[in-house]
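Protein chains in written order, with my numbering: chain F, 14 to 130; chain D, 14 to 130; chain B, 14 to 130; chain Z, 14 to 470; chain E, 14 to 470; chain Y, 14 to 470.
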Amino acid sequence: MKLIKAIIRPEQLGDVLAHLYRADIQGLTITRCDGHGGEHDEVETYRGTTVKVGLQEKVMLDIGVSESFVEACIEAIVAGARTGEVGDGKIFVLPVERVVRIRTGETDTAAVTPVAA
Amino acid sequence: MKLIKAIIRPEQLGDVLAHLYRADIQGLTITRCDGHGGEHDEVETYRGTTVKVGLQEKVMLDIGVSESFVEACIEAIVAGARTGEVGDGKIFVLPVERVVRIRTGETDTAAVTPVAA
Amino acid sequence: MKLIKAIIRPEQLGDVLAHLYRADIQGLTITRCDGHGGEHDEVETYRGTTVKVGLQEKVMLDIGVSESFVEACIEAIVAGARTGEVGDGKIFVLPVERVVRIRTGETDTAAVTPVAA
Amino acid sequence: MRVSRLSRLALAAGLAILPRLAFGQDAPPAEVVPADTAFMLVALALVMLMTPALAFFYGGLVRAKNALNTMTMSFASLGVVLVAWAVLGYTLAFGPGNAVVGDFSMALLRGIGLEAKGTIPHLLFFGYQGTFVVITAALISGAVVERMRFPAYLLFITLWSLVVYAPVAHWVWGGGWLSGLGALDFAGGAVVHVNAAAAALVAALVVGPRRDYGRRAMLPHHVPFVLLGAGLLWFGWFGFNGGSALGASGLAAQASVNTFLAPAATLVVWMLLDLKRTGTVTAVGVATGLVVGLVAVTPAAGFVSPMGALALGAVAAFPSYFAILLRTRTRLDDSLDVVAAHGVGGVVGALLTGVLADPAWGGQAGLLTGDAARVGVQALSVAAVALYSGLVSFGLLKLIGFVTPLRATDKMERVGIDLADHGEEAYTHGEGAVLVHPDETPVFAAAPVPAASPSLA
Amino acid sequence: MRVSRLSRLALAAGLAILPRLAFGQDAPPAEVVPADTAFMLVALALVMLMTPALAFFYGGLVRAKNALNTMTMSFASLGVVLVAWAVLGYTLAFGPGNAVVGDFSMALLRGIGLEAKGTIPHLLFFGYQGTFVVITAALISGAVVERMRFPAYLLFITLWSLVVYAPVAHWVWGGGWLSGLGALDFAGGAVVHVNAAAAALVAALVVGPRRDYGRRAMLPHHVPFVLLGAGLLWFGWFGFNGGSALGASGLAAQASVNTFLAPAATLVVWMLLDLKRTGTVTAVGVATGLVVGLVAVTPAAGFVSPMGALALGAVAAFPSYFAILLRTRTRLDDSLDVVAAHGVGGVVGALLTGVLADPAWGGQAGLLTGDAARVGVQALSVAAVALYSGLVSFGLLKLIGFVTPLRATDKMERVGIDLADHGEEAYTHGEGAVLVHPDETPVFAAAPVPAASPSLA
Amino acid sequence: MRVSRLSRLALAAGLAILPRLAFGQDAPPAEVVPADTAFMLVALALVMLMTPALAFFYGGLVRAKNALNTMTMSFASLGVVLVAWAVLGYTLAFGPGNAVVGDFSMALLRGIGLEAKGTIPHLLFFGYQGTFVVITAALISGAVVERMRFPAYLLFITLWSLVVYAPVAHWVWGGGWLSGLGALDFAGGAVVHVNAAAAALVAALVVGPRRDYGRRAMLPHHVPFVLLGAGLLWFGWFGFNGGSALGASGLAAQASVNTFLAPAATLVVWMLLDLKRTGTVTAVGVATGLVVGLVAVTPAAGFVSPMGALALGAVAAFPSYFAILLRTRTRLDDSLDVVAAHGVGGVVGALLTGVLADPAWGGQAGLLTGDAARVGVQALSVAAVALYSGLVSFGLLKLIGFVTPLRATDKMERVGIDLADHGEEAYTHGEGAVLVHPDETPVFAAAPVPAASPSLA
Ligand SMILES: Nc1ncnc2c1ncn2[C@@H]1O[C@H](COP(=O)(O)OP(=O)(O)O)[C@@H](O)[C@H]1O
Ligand SMILES: Nc1ncnc2c1ncn2[C@@H]1O[C@H](COP(=O)(O)OP(=O)(O)O)[C@@H](O)[C@H]1O
Ligand SMILES: Nc1ncnc2c1ncn2[C@@H]1O[C@H](COP(=O)(O)OP(=O)(O)O)[C@@H](O)[C@H]1O
């Protein structure tokens, strides 16, 4: 069981989701976030105040997958999220010790298998 | 030391918190997020544009606990978050290598023990 | 490879970023969140309704670093985030199995090394 | 009764006061006065704006997932209720008829032209009155937001405007039985506020409380909108009260300035009560307080002195303030406090009108100036309106319940009425939304999840 | 033609109707009437408010990253277009000139004083007309939001107001050729709505669709703002249509009440269509529907009966409703449906004016009252305006394209025009923003990342 | 002096101009004119709306955690300041008194009835003037937002309205010493804007800068609200400047159209300055620029020609634009630039009135039309007002500081004044909020954490 944490551009989310669904990966959680990396800072001005906004809007995906799906998942994300410009984001793969499906109490792989309905 | 990552329905948050407090788990962090799983998609219409919104509002809890509290924590979350309908959410248990309490610099178990005041 | 997850006060973010940049740590992702810990609850009143709001606004940082940067990173965060009052936050260090830079497909340490431009 | 007394006053004071309902009875041959028309053209626009303003006042107080539903409840009244008013409501309210209700003589606007009604064109009078029924019906929504189904609501306010509002307006302003008793209601304390509040009370009871009411915190999602709504309501209320003089007269000046002073006094008292009780001055309280002041001064605006209006505003803060505190201890989920603000405020305003009415300011005496019976008449008129509105609203809701469910399902409530009944969200960023091509029929069922897929969900 | 017919009517009906354009032609020696001035002073303010209102109507419909750009497009019109109007536009529209365009006799406001124009001060007439050109130019922005570069937009609307709006206003209201044919356009169905919509159509085509148009969901980021804008637009429209009577007359009352009734009918029909098609009543639909009703009644307000206005409003819902549905199936990215709402609505309103014009309500006959040719004249006037506006707008845009790029780059579109062209975000929390000290010159290039640093990014 | 010169003009121009302060001095026996009343009834409502508008203009500029505090600072003025005005302020400003201050003859509204003051009811004049003091006091808040304690603020503006505003209004409009010198201040450049700005400057200094000022980026949390506020301010300003003619006269038309043109010119210049300096046109700049234009035209509206207003608006952009840039380099935390916008704008407007005053447009000569001394008088009046306001405000603040702390604690500032002083948040979702049952006394201390618990926090 792994938790795949991907940080991507918000405007690529639609494409990433499409690729994930095609790879049969349906369960995931999405969080809006801001990222800083190698991208240029934006300069904003409000009345006399000038600021450098080093943070870019990003979206973070948390996807719990069983080992066999890790490769497919990473590939799907990369396929959907890559634009080739600085700022495309990162993927982190974290180990997971246990997964529980709250509705049923099922654990581990069973917990992330989709309902057949 | 574990990090328990739970994704639940926002409307269950109150109940989950109550259960957690009762289990003496006070330290936690909450993030608003959107989830996709086995739930039905909502259809929305804005003027001529029809969209399928596959994402449901969820809330993610990050709770750092020492090993001995893992069971109690999972039970409390399940007790508070279960409605029995598809979409109740998931719990992931991740290993943690180190914890630091920023205020004091204490590490590991000491870092997550509540202040006695 | 580690993922450092720090929860801090939003008003300290500026200082923390400054310290991190000084420590040459440029890649990070930030999420707004709410935390509960040892802090006092706020009481709010809306018309006849009184509520206790146990949650404080916080900011969560996710920073992927190679082992050699873990210490420096923690130190930078603590230096920027500590005020000494209850509520300063926590740092969790999680193990990471793999990192991918979406733009290039590079993995692991290469994935988090900054672009030389 | 307002008509005759006002006429007497008009003579006595030598002012060109235009009593709101003198038409078609004993009024002298009327002529359109341009200055009065100028003012009433603007008053029409001002009162019209109050319904969108209410949309924001109410919309800010609910949770984000019901914001559009709440706002649309107000805006929709500008559609269905206004059309019903043109087709039938106006003639039921202002047609000659009998002591209880008008007739059909002006149905479909028959005979309403640019001839003078008082000193303004009849058509303008019709339009101005239309703004009142629209906002009155919309006020009710505050008691049933976040769980009443939208189609049932539409049906309800449309019928209500015809079966409840029109007769009540006839009683008080159309030459009906209440206008014969000498009840004072300058701009609608009873007709608008008590009337709406009684219907709201009944509707809250019939529809039932929200599932989370009393169990979970349901906080206003957007307090600045509450302030925006309150500010625009105040602005529009100058047309509501000032315009009820039906001309650019001294009476309009009195009503307008009273509409400026009374809420100021309510505001001050409300802030002090807040400070005393919780140590803070809440912004929601500021908005609520000023609306209560506006409600209370509505029946009084043309009958009390400016100092009277200040006093009335100050006193009116107390009952509503404590009514709101009390309400949250009950099972009555009058979600946005229509009863406490408009009902209690309206009743207090009506009674205080009976107390403070000043012959030097509108020609009517009150308790303090020697007419002890006045307060009784005021109480009677308020009670009659409340009773009738409450009973008929109950019947209407039960009837509508046979045709279409009143109440959203638990699931709809949980998800929010915006999605359920409007297919929209108030604030979207569109991430994760997938465009459905116009040719695909939108399916409400989910995309089929592959049955035996090995994938993860 | 409107002028002469209205004059005849004025005599016939014995009303003090003030035809909008009777001045400087065969009008009797005029005198300023205080009541008319009072009303028009307010009408000026009301119509001025419509442009900020439009900013919110439009601004709520776009994505958050373009909210400020969209809003500023409206507000900027209150600057550049109004200044252009004072300097040159007014005289081109209302100067005597010839049948096609005015002249330079009143350039830089020469000769415009407080003398009467009709029954109000000439200067007030100038100001009131200025509010029209400002909103007309701002309307166009709805077709090019989220991708047109701001400087090019500024240039475009400034020139457009002089080269397109001024002559067209002259044709219809300034004594030009269309006013000789008997075309009815009470408050600007053709001059304002069809005119803006034709320019919008062309601008949408020349600038091209947004990169994500038809591929990704682009949802309104703030529906309450759409409702706020619609509510304030309706409010201001009482000054737009009512004020087009140019005085506090019976005609103003007719126009104002029609402006109240027609959108109500449109709203009801729109809600029913929505309910029928999707089972929900959308809030965006409610806002759109009422604006369509307002557009449709604009040319008709002073020519049709109140029942006629109700009918017109109801009928006008259909074409615009389906035009919006249709548009999303095309590659025409008229992003905020200027064509469907203002173009289709304006044309339908103009034609229905020709059908429903009622001699008893404004002195003009229509198809139903015996003047069969009227509809043809209406169609001709609309077509002429659309054609001229479309062609000249095309030329203008091509010309401006030589001077400065019309279109934002892909990157600007992705990041949002707010950041790109305005250096701001609509909603900020400021976290992570680093203050640049006033003495550092803001560098747009990034802070240098240490080249061979061992750090992690 | 304005009074006598205006009277002369009135005769000369043959217009029924009603000088703002002709009453109680040498005015002819007055009579209420309905058309003037009609306009002033609306003007009252329009200026009242400016205070809620200011709440949004200011509220959008602060951080979200202080949004309600900032907005409530404006709304509260509609309570405390208005009540103080009715009780005492009006008579101190407009009572006969002496050259420095009025008297107590009209305390508690004594003797204010519907008799004519000029051509409108005295009561209406009182109400209209009340709207001015309310907004003037609220303006000050812009300098102390995000750190002044709310109770101290309430106390300050209440006293300030009596001790500073009332006398200054008396000097200029109530027959006091400045009105004897021939200072021109049509609608309150000195009385309103310079007066408020001087108090704001002093308050910013006494209360001190925000803890993060100059160290951290503090960005506007909601720019659309800034635009909303600016749009509604402009709308209301037609009542402010136009209404200062106190009737529906040609003078009102002149003032209104000037109020339309001047900000348009300021807007254009401001956008060009923005473009030149940063390559972008900021929306906050657009809102700021138009408010500066409105401020600058306020003293001039009834004295300059329309072309003069355009020129004045264009020129006035420069000083305020650069004053804002300069301010951020200083330690003066005039948070929302009251000094740069209202102070600099007001002074520039007053001086330019002295330069551009045109005998053909209001009967007063200026520098360009031969009255070289005028500018000196203008400068003197502005200096006197600023000095008095600054000194007395300083004293008041020091005095209040003895009674209750002026300044929020560091912790309050960090958490936000909304929570600290209002017990609310502007935007809530209610998640994690636990309902406190009405019978539990809300404890401000935290729930006790079990002392020796083995749990994790
Ligand atoms: N070390 C890191 N830890 C966490 N998030 C990171 C890290 N590096 C980059 N990110 C996230 O990825 C985004 C893009 O990274 P960046 O380095 O700008 O581009 P690229 O990956 O294309 O070189 C950042 O905005 C940030 O959200
Ligand atoms: N594999 C996963 N990884 C991350 N989050 C998931 C995953 N599966 C489900 N979730 C989260 O849990 C929520 C509920 O999951 P869902 O599968 O719809 O219901 P259930 O768990 O009741 O079968 C989703 O909306 C999503 O936020
Ligand atoms: N066990 C935990 N798991 C996750 N987050 C925590 C935990 N304990 C505290 N936090 C986060 O840290 C913040 C501050 O913690 P708190 O215990 O109040 O202060 P301190 O660390 O100074 O004792 C909390 O608001 C919460 O967001």
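For glycine and all other residues, C-beta sits at the position ideal for the given N, C-alpha and C.
Keep in mind it's a predicted model, so treat the numbers as computed, not measured.
message: Can you tell me whether GLU55/B is helix, strand or coil according to DSSP?
response: Position 42 of the third sequence, counted from the first residue, corresponds to residue 55/B. It is a strand residue.
task: Work out the CA separation of VAL109/D and ASP121/D for me, nearest whole Å.
output: As a first step, residue 121/D is located in the second sequence; it is residue number 108 there, counting from the start. As a first step, residue 109/D is located in the second sequence; it is residue number 96 there, counting from the start. In this structure, the straight-line span from the alpha carbon of ASP121/D to that of VAL109/D is close to 9 Å.
- prompt: Are the C-beta of ASP350/Z and some C-beta of chain B separated by less than 8 Å?
  reply: As a working note, residue 350/Z is residue 337 in the fourth sequence. Yes, because at least one Cβ of chain B sits closer than 8 Å to the Cβ of ASP350/Z.
- prompt: Which runs of the alpha helix (DSSP H) fall wholly inside the segment 160-193 of chain Z and span at least 4 residues, in chain order?
  reply: Taking only runs of at least 4 residues, the alpha helix (DSSP H) segments lying wholly in the segment 160-193 of chain Z are 163-173 and 179-186.
message: Using only the alpha-carbon positions, how far apart do VAL114/E and ASN208/E sit?
response: Numbered from 1 along the fifth sequence, position 101 holds the residue referred to as residue 114/E. Numbered from 1 along the fifth sequence, position 195 holds the residue referred to as residue 208/E. Taking the straight line from one Cα to the other gives about 16 Å.
query: Do GLN69/F and ligand 1 come close, with the Cβ less than 7 Å from some heavy atom?
result: Working through the first sequence from its first residue, we reach residue 69/F at position 56. Yes.
message: Report the CB separation of ALA324/Y from THR279/Y in whole angstroms; it is logged as a contact under 8 Å.
response: Stepping through the sixth sequence from its first residue, residue 324/Y is reached at position 311. Stepping through the sixth sequence from its first residue, residue 279/Y is reached at position 266. The pair is not a contact, with the Cβ atoms about 11 Å apart (cut-off 8 Å).
- request: Please classify HIS234/Z: does DSSP put it in a helix, a strand, or coil?
  value: Here residue 234/Z corresponds to residue number 221 of the fourth sequence, with the count starting at 1. The answer is coil: DSSP assigns HIS234/Z none of H, G, I, E or B.
- prompt: Are the beta-carbon atoms belonging to VAL351/E and ALA213/E less than 8 Å from one another?
  reply: Position 338 of the fifth sequence holds residue 351/E. Position 200 of the fifth sequence holds residue 213/E. For the pair VAL351/E and ALA213/E, the CB atoms are nearer than the 8 Å cut-off.
- request: Using three-state DSSP, classify ILE153/E as helix, strand or coil.
  value: Position 140 of the fifth sequence, counted from the start, is the residue given in the question as residue 153/E. Reduced to three states, the DSSP call for ILE153/E is helix.
task: Report yes or no: is there a C-beta of chain D within less than 8 Å of the C-beta of ILE43/F?
output: Within the first sequence, residue 43/F is the residue found at index 30, counting from 1. Yes - at least one Cβ of chain D is within 8 Å of the one on ILE43/F.
- prompt: Which residues does DSSP pair with ILE430/Z in a beta bridge?
  reply: Residue 430/Z sits at position 417 when you count from the first residue of the fourth sequence. DSSP lists no beta-bridge partner residue for ILE430/Z.
query: Going along the segment 162-186 of chain Z in order, which residues come within less than 9 Å of chain Y, judged by CB to CB distance?
result: Listed by position along the chain: nothing, the set is empty.
query: Quick one: is LEU26/B near chain E, going by C-beta distance under 8 Å?
result: As a working note, residue 26/B is residue 13 in the third sequence. Chain E contact via Cβ: present.
- prompt: Would a check of beta-carbon distances place GLY332/Z closer than 8 Å to chain B?
  reply: Locating residue 332/Z in the fourth sequence gives position 319, counting from the first residue. Before going further, note that residue 332/Z is Pro rather than Gly in the sequence given. No, because no Cβ of chain B sits closer than 8 Å to the Cβ of PRO332/Z.
- request: Just the C-alpha distance for ARG387/Z and GLY379/Z, rounded to the nearest angstrom, thanks.
  value: Along the fourth sequence, read from residue 1 onward, the residue named residue 387/Z stands at position 374. Along the fourth sequence, read from residue 1 onward, the residue named residue 379/Z stands at position 366. C-alpha separation (whole angstroms): 6 Å.
query: Touching or not, the segment 367-383 of chain Z and the segment 184-194 of chain Z, by the rule of three or more beta carbon pairs under 8 Å?
result: Of all C-beta pairs linking the segment 367-383 of chain Z to the segment 184-194 of chain Z, fewer than three are shorter than 8 Å, placing the two stretches out of contact.
Secondary structure, alpha helix (DSSP H): runs of 4+ residues fully inside the segment 213-269 of chain E: You should have 236-250.
Whole-angstrom distance between ASP346/Y and LEU218/Y, CA atom to CA atom: As a position in the sixth sequence, residue 218/Y is number 205, starting the count at 1. As a position in the sixth sequence, residue 346/Y is number 333, starting the count at 1. Cα-Cα distance, rounded: 8 Å.
- prompt: Hey, is the segment 79-89 of chain F in contact with the segment 58-67 of chain D, meaning 3+ C-beta pairs nearer than 8 Å?
  reply: With a cut-off of 8 Å, the segment 58-67 of chain D and the segment 79-89 of chain F do not count as touching, because too few Cβ pairs lie within range.
- prompt: Of all the options GLY436/E, ALA151/E and ALA58/E, which has the alpha carbon lying nearest to the alpha carbon of GLY67/E?
  reply: Position 54 of the fifth sequence, counting from 1, holds the residue named residue 67/E. Residue identity differs from the one stated: residue 67/E is Leu in this sequence, not Gly. Closest by alpha carbon: ALA151/E.
- prompt: Any idea if GLY97/D is buried or exposed, counting beta-carbon neighbours within 10 angstroms, 16 or more meaning buried?
  reply: Along the second sequence, one-based indexing puts residue 97/D at 84. Answer is exposed; the Cβ neighbour count stays below 16.
- prompt: Using a C-beta cutoff of 8 Å, does VAL304/Y count as contacting chain D?
  reply: In the sixth sequence, residue 304/Y corresponds to position 291, counting from 1. Between VAL304/Y and chain D, the shortest Cβ-Cβ separation is not below 8 Å.
query: In or out: LEU33/B buried (at least 16 other Cβ within 10 Å) or exposed?
result: On the third sequence, residue 33/B is found 20 positions in, with the first residue counted as 1. Residue environment for LEU33/B: buried (at least 16 other C-beta atoms within 10 angstroms of its C-beta).
query: Should SER406/Y and ALA216/Y be called a contact, given that it needs their Cβ atoms to be closer than 8 Å?
result: To locate residue 406/Y, count along the sixth sequence from 1; it is residue 393. To locate residue 216/Y, count along the sixth sequence from 1; it is residue 203. Going by C-beta atoms, SER406/Y is nearer than 8 Å to ALA216/Y.
GLY331/Z versus GLY298/Z, SER318/Z and ASN271/Z, residue with shortest Cα-Cα distance: On the fourth sequence, residue 331/Z is found 318 positions in, with the first residue counted as 1. Note on residue identity: the sequence assigns Phe, not Gly, to residue 331/Z. That would be GLY298/Z, whose Cα lies nearest to the Cα of PHE331/Z.
message: Given 7 Å as the limit, tell me if GLU119/D has its C-beta closer than that to any heavy atom belonging to ligand 4.
response: This structure simply doesn't include ligand 4; it includes ligand 1, ligand 2 and ligand 3 instead.
query: Under the rule that 16 or more other beta-carbon atoms within 10 Å means buried, what is THR417/Z, buried or exposed?
result: On the fourth sequence, position 404 is the one that residue 417/Z refers to. The C-beta of THR417/Z has fewer than 16 other C-beta atoms within 10 Å across all chains shown, which makes the residue exposed.
query: With distances taken from CA atoms, which of ALA363/E, ASN79/E and ARG420/E is nearest SER394/E?
result: Here residue 394/E corresponds to residue number 381 of the fifth sequence, with the count starting at 1. It is ALA363/E.
task: Could you tell me whether any Cβ in chain B is nearer than 8 Å to the Cβ of GLU444/E?
output: Here residue 444/E corresponds to residue number 431 of the fifth sequence, with the count starting at 1. Chain B places a beta carbon closer than 8 Å to that of GLU444/E, counting this residue as a contact.
- request: Tell me whether VAL125/F counts as near ligand 2, meaning its Cβ is closer than 7 Å to at least one heavy atom of that ligand.
  value: Position 112 of the first sequence, counted from the first residue, corresponds to residue 125/F. Taking non-hydrogen atoms of ligand 2 into account, the C-beta of VAL125/F is found less than 7 Å away from one of them.
message: For the alpha helix (DSSP H) containing GLU88/D, name the first residue and the last one.
response: Sequence index remark: in the second sequence, residue 88/D carries index 75 (1-based). Note, GLU88/D: alpha helix (DSSP H), 83-94.
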